[in-house]
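S.K.:
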Amino acid sequence: MKSLKGILCLAAVVVGLFPSLGGASLRNETQTQFIEGAPMQVARMGHHIVQLPTGEVKVFGGHGSGFRSLDTAESISFESNEFSLQSMLYKHDDPAFARLANGHYLIMGGSRDWGIPSFSHAQIYNPFTDTYTPAGSMVRFRAGAGSTLLNNGQVLVAGAWWTHNTAHTYGEVYNPNSNTFSETNAFSVRRSHPIVLPLVDGRAVIFGGVTESGQHVDMPVEIYDPVSGLNSVYQQFMFPSEPGWHVVQDKRLHENQKLTDTEYLFYAWKREGNVYHYRLFTFDTESLAFEWVSTEVELPTSTVMSFSSQPVLSQNKQAAHVLVTLTEGDNAGSVALLSVDLHSGQVYLSERSIALGYSLGGVGVLGLQDNRIFVTGGTLDGSNFNPVNKTFFIEPMSVEADQDGVIRKDTQTQFMAGVPMQVARMGHHIVQHPSGGVSVLGGHGSGFRSLNTAESYSSATNEFSLQSMLYKHDDPAFAKLANGNYLIMGGSSDLGVPNFSHTQIYNPVTDTYSAGGAMVRFRAGAGSALLNNGKVLVVGAWWMHNTAHTYGEVYNPETNTFSETNAFSVRRSHPIVLPLVDGRAVIFGGITETGQHVDMPVEIYDPVSGLNSVYQQLMFPSEPGWNVMQDKRLHETQKVSDTKYVFYAWKRDGGVYYYRLFTFDTATLAFEWVPTEVELPSSTAMWFGSQPVLSQNKQAVHVLVTLNEGDDAGSVAVLSVDLQSGHVYLSENRFRHGFIISGTGVLGLQDGRILVTGGSADGSNFNPVNTTFWIEPMLLGSEPEEPEDPHKSRRRSKPIWLYILNN
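So the sequence shown is residues 188 to 994, counted in our numbering.
(1) For Glu184, count the other beta carbons within 10 Å of its own beta carbon; 16 or more makes it buried, fewer makes it exposed. Which is it?
(2) When you compare only the Cα positions, how much space is there between Phe205 and Tyr454?
(3) Within a Cβ cutoff of 8 Å, which residues of the same chain sit near Gly797, ignoring the five residues on either side of it in sequence?
(4) Between Asn649 and the rest of its own chain, which residues show a CB-CB distance below 7 Å, the 5 nearest in sequence each way excluded?
(5) Going by C-alpha distance, which of Arg231, Trp961 and Pro955 is nearest Lys577?
(6) Could you please give me the residues that DSSP links to Ala702 through a beta bridge?
(7) Within 10 Å of its beta-carbon, does Arg923 have 16 or more other beta-carbons around it, so buried, or fewer, so exposed?
(8) Please determine if the stretch 460 to 480 and the stretch 510 to 525 are in contact, where contact requires at least 3 C-beta pairs separated by less than 8 Å.
(9) Would you mind listing the alpha helix (DSSP H) stretches within the stretch 466 to 549 that are 4+ residues and don't spill past its ends, in chain order?
(10) Is the beta carbon of Glu243 sitting closer than 7 Å to the one on Ser274?
(11) Assuming Phe875 and Met806 make a contact with CB atoms under 8 Å, what is their CB distance in whole Å?
(12) How long is the line joining the alpha carbons of Met134 and Tyr361, rounded to whole angstroms?
(13) Return the residue from the list Asp568, Leu543, Met584 and Ala542 that minimises the CA-CA distance to Leu500.
(14) Count the CB pairs spanning the stretch 762 to 781 and the stretch 711 to 727 that are closer than 8 Å, and state whether there are at least three.
(15) Quickly, what does DSSP pair Asn418 with across the bridge? List them, please.
(16) Do Thr335 and Pro282 come within 7 Å of each other at the CB atom, strictly closer than that value?
(17) Taking DSSP's pairing of strands, which residues face Lys278 in a bridge?
(18) How many Å lie between Asn927 and Tyr738 at the Cα?
(19) For the stretch 536 to 546 against the stretch 557 to 577, do three or more pairs of beta-carbon atoms, one drawn from each stretch, fall closer than 8 Å, so that the two count as touching?
(20) What residues match up with His235 in a beta bridge as DSSP calls it?
(21) State buried or exposed for Leu208, treating a residue as buried only when at least 16 other CB atoms are found within 10 Å of its CB.
(22) Going by the DSSP bridge assignment, what does Leu942 pair with across the sheet?
(23) If I follow the unbroken beta strand (DSSP E) through Gln402, where does it start and stop?
(24) With DSSP collapsed to three states, give me the class of Thr748.
(25) If you count every other CB in all the chains shown that lies within 10 Å of the CB of Asp597, and 16 or more means buried, which is it?
(26) Smallest Cα separation from Gly624: which of Gly930, Leu967, Leu934 and Tyr916?
(27) Which same chain residues end up closer than 6 Å to Glu972 when comparing Cβ atoms and leaving out the 5 residues on each side of it in sequence?
(28) Measure the alpha-carbon distance for Ser531 versus Leu213 and round it to whole angstroms.
(29) Considering only residues of the same chain and omitting the five flanking positions on each side of Arg377, which have a CB-CB separation below 7 Å?
(30) Using alpha carbons as the reference points, say which of Trp961, Met965 and Phe254 lies closest to Asp568.
(31) Excluding the 5 residues preceding and the 5 following Trp349 in the sequence, name in chain order all residues of the same chain whose CB lies nearer than 8 Å to its CB.
(32) Is the Cβ-Cβ distance between Glu359 and Val383 less than 7 Å?
(33) Along the beta strand (DSSP E) that carries Trp860, what are the first and last residues, could you check?
(34) Based on Cα-Cα distance, which residue from Thr371, Phe394, Gly323 and Val387 lies nearest to Asn364?
(35) Return the CA-CA distance between Thr514 and Thr318, expressed in angstroms with no decimal places.
(36) With burial defined as no fewer than 16 other Cβ atoms inside 10 Å of the residue's Cβ, what is the status of Val696: buried or exposed?
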């Protein structure tokens, strides 16, 4: 029996069979670079490839040497630049593959050795715990199927390779709630390797593919309706007036081909004699329209170059890149990159090419979040029996459209509902431990009652566990000690009344609490920082019950006691307190003890002399009126470099709030605005819900925003800023959470996700919620001028500025 593998790798892309414009030829481009990658642990081809939220890349299954079906996966972290091998539960060669609504991956069926369809087993990969669990068995064993996540959260599987059963005619649907598959009605034709996409109205479309035995014939476009369970023919061909055009699936998720909210980009190919002609096209999941993509010139046919994969979209959706193997001239057999500017129609061929020593049959090709292209595997001799473990990276040319001051679209960011906390709370602190666990501490609960509980979230169990603390703490001072323990100081009693001088220390290693010494003054709304000498400075306080708003204090961990500082120059609460490189501390921002937003001086505390002094009257002396307040997470999470921290300042003009990102340098004591290519919207368009969250690579900040206008008013989105390029993005995906982002705990996690905990049901302090949700933000990062590691993206050092217009 002949397998389809190897046939599919003949496919080539040509954009349009249109006359050349005045004999115009392909444009030459000199930007594209090819870089050798680390080898995989196992030689493989026909594998699926995805990039996880952490930035790691995972390859699943496929077949290895001797055309043997594989039960292994591999992942590569570009920090370590090596693949790690992992066993899966089952073998999967040419399976159906889909991403579930919760971010897990469903792997279904596939072929056993020699490409023979045999498997009905299925498994689910959880990228957050890096584990596999069994899914229910498919109704029929099948390989070479297409699949997609439907709008109802179920997965449609359609098509199958070869004639061992009737899987080529009957589809099936996976229900994640019951972990079972059920059969669909028969489709109108037998097909394998089709494109399956979700439609906007909840149905699904199936088009393209080949027959179950690999014949390239015209295939109808079919529609599956999950409500009625019926299939119907929508039209006889993709392009009814132009029969003979074909398209087949690639070994990556179709979401990688998503060009706009509703459009997907593919190529179709047509054979005339021994020559292949190809054209890029889009399919619109709302209008159900197939449309050709125009370019200024025809692309070369297979007489000049062979095309090896579906086009890879750039992260900004401005360009499509196609991997090609040259077939003529001195570089015949080498791999190059063909790039199409999707707005201007200009077509480029890379001046550079790479001689691989193997061919691109069965390769895994993926556009990465940092805009590089990663190519894995292939075949040594063009057969299925001798795969390779080689990999390489492509850094493609950059194609930028004129943005005209418009915020860019972010199609990567995903929102997922989390498990509820045990207690409804707001105003709590949130931290992540080195072990990966997350703790939320204190705050206030229903009825504005101060809480003496904490909760820990474990990704292994996916649940919060409740724990009693020694004391109540609402709006306390909070600091991480030099030994890794957390110091929780003072806070408010019920109804937000500052009342407590008690303190306690939380040990995350033993998960226990011990009493700290009593503070000199009871206080809530204070700022704090760990000083270089191991002591903790506490400054500021809310309200007028005593003079804590003017006098600070210092905690000494050796004696477990607090001592008073001299008076500061102003009364303030909720300030930013940071340790300076020279051992002193800086205090800036905050509000008055009664909540007035006025200009505050920048003050310095010297632990050697014990004296306080005013460093300058304003953060930005020539621009009065800018304010900044602390967030309920450690300031170390705002650290963008060894000495710099990033925050936003806000300014009110009439009823509108304007905001700008800025950095403070703890070595030079300099405040600097952070530039971006466009201003961010004011509060008339969106409210901003927290201090910005830094990405793990320090290349981007993400701001949680609540939209104020349009159909999505009241929904949460993410505004992201690339700190190297200055590009500003707004997530296309939105999340309707049903509560208000107020008193919410927001934290960037070690795996790149953002965890959002708690909030207010009605905007008041009396009705907090126990709801949580996750954000998988877009991954941003530009490239260094001279990378030390060629496998990592190059980063530029370029200052940027940003207006954040906030609540």
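Every residue, glycine too, gets a C-beta built ideally from N, C-alpha and C.
All figures in this text were calculated on a predicted structure; none of them were measured in a lab.
M.R.: According to the data block:
(1) Examination of residue 184 is not possible in this model, given that the chain is present from 188 through 994 alone.
(2) Taking the first residue of the sequence shown as 1, we reach residue 205 at position 18. Taking the first residue of the sequence shown as 1, we reach residue 454 at position 267. With a pLDDT of only 26 at Phe205, under the threshold of 50, the placement of this residue in the model should not be trusted, and no figure is reported.
(3) Here residue 797 refers to the residue found at position 610 when the sequence shown is read from its first residue. Excluding residues within five positions, the ones whose Cβ falls inside 8 Å are Thr752 and Asn753.
(4) Locating residue 649 in the sequence shown gives position 462, where the first residue counts as 1. Cβ within range, chain order: Val606.
(5) Taking the sequence shown and counting its residues from 1, one reaches residue 577 at position 390. The candidate whose alpha carbon is nearest that of Lys577 is Arg231.
(6) Counting from one through the sequence shown, the residue named residue 702 turns up at place 515. DSSP, once it has assigned bridges, lists Gln691 as partnering Ala702.
(7) For the purposes of this step, residue 923 is taken as the residue at position 736 of the sequence shown. Classification for Arg923: exposed.
(8) no
(9) none
(10) One-based indexing of the sequence shown puts residue 243 at position 56. One-based indexing of the sequence shown puts residue 274 at position 87. No, Cβ-Cβ distance for Glu243 and Ser274 is not below 7 Å.
(11) Sequence index remark: in the sequence shown, residue 875 carries index 688 (1-based). Sequence index remark: in the sequence shown, residue 806 carries index 619 (1-based). At roughly 18 Å, the Cβ-Cβ gap does not stay under 8 Å, so Phe875 and Met806 are not in contact.
(12) In the structure as shown, the chain begins at 188 and stops at 994. Residue 134 is therefore absent and cannot be evaluated.
(13) As a position in the sequence shown, residue 500 is number 313, starting the count at 1. Considering only alpha carbons, the answer is Met584.
(14) Three or more beta-carbon pairs drawn from the stretch 762 to 781 and the stretch 711 to 727 are found closer than 8 Å, and the two stretches are therefore classed as touching.
(15) Translated into the one-based positions of the sequence shown, residue 418 becomes position 231. DSSP, once it has assigned bridges, lists Tyr411 as partnering Asn418.
(16) Working through the sequence shown from its first residue, we reach residue 282 at position 95. Working through the sequence shown from its first residue, we reach residue 335 at position 148. Contact: no.
(17) Walking along the sequence shown from the start, residue 278 turns up at place 91. Per DSSP, none; premise fails for Lys278.
(18) Start at 1 with the first residue of the sequence shown, and residue 927 comes out as number 740. Start at 1 with the first residue of the sequence shown, and residue 738 comes out as number 551. The identity of residue 927 in the sequence shown is Ile, whereas the question assumes Asn. Rounded to the nearest whole angstrom, the C-alpha separation of Ile927 and Tyr738 is 34 Å.
(19) yes
(20) Locating residue 235 in the sequence shown gives position 48, counting from the first residue. In DSSP, His235 forms a bridge with Phe247.
(21) Position 21 of the sequence shown, counted from the start, is the residue given in the question as residue 208. For Leu208, the predicted structure reports a pLDDT of 29, less than 50, and the residue's modelled location is therefore unreliable. A value from the coordinates is still provided. Exposed, since its Cβ has fewer than 16 Cβ neighbours within 10 Å.
(22) Position 755 of the sequence shown, counting from 1, holds the residue named residue 942. Leu942 is bridged to Leu934 and Trp961.
(23) Here residue 402 refers to the residue found at position 215 of the sequence shown. Counted as a single uninterrupted DSSP element, the stretch harbouring Gln402 is not any beta strand (DSSP E), since DSSP gives it neither H nor E.
(24) The residue you call residue 748 lines up with position 561 of the sequence shown. Correct three-state label for Thr748: strand.
(25) The residue labelled residue 597 in the question sits at position 410 within the sequence shown. So Asp597 counts as buried.
(26) In the sequence shown, the residue the question calls residue 624 occupies position 437. Here the closest residue by C-alpha is Leu934.
(27) For this step, residue 972 is matched to residue 785 along the sequence shown. Low confidence applies to Glu972: its pLDDT is 36, below 50, so where it sits in the model is not reliable, and the reading given next is rough at best. Correct list: empty, nothing qualifies.
(28) On the sequence shown, residue 531 is found 344 positions in, with the first residue counted as 1. On the sequence shown, residue 213 is found 26 positions in, with the first residue counted as 1. A direct Cα-Cα distance of roughly 14 Å separates Ser531 from Leu213.
(29) On the sequence shown, position 190 is the one that residue 377 refers to. Result list for Arg377: His355, Thr356, Thr398 and Glu399, in chain order.
(30) Here residue 568 corresponds to residue number 381 of the sequence shown, with the count starting at 1. The residue from Trp961, Met965 and Phe254 with its alpha-carbon nearest to that of Asp568 is Phe254.
(31) Here residue 349 corresponds to residue number 162 of the sequence shown, with the count starting at 1. If we look at Trp349 and ignore the five residues flanking it on each side, its Cβ neighbours are Met188, Ile303, Pro304, Ala330, Gly331, His355, Ser379, Glu399 and Ser400.
(32) Translated into positions along the sequence shown, residue 359 becomes position 172. Translated into positions along the sequence shown, residue 383 becomes position 196. Going by C-beta atoms, Glu359 is not nearer than 7 Å to Val383.
(33) To locate residue 860, count along the sequence shown from 1; it is residue 673. That run of the beta strand (DSSP E) goes Phe858 to Trp860.
(34) What you label residue 364 is simply residue 177 of the sequence shown in a count that begins at 1. Per the Cα distances, Gly323.
(35) As a first step, residue 514 must be located in the sequence shown, where it is residue number 327. As a first step, residue 318 must be located in the sequence shown, where it is residue number 131. Roughly 43 Å between the two C-alpha positions.
(36) Position 509 of the sequence shown, counted from the first residue, corresponds to residue 696. With fewer than 16 other Cβ atoms inside 10 Å of its own Cβ, Val696 counts as exposed.
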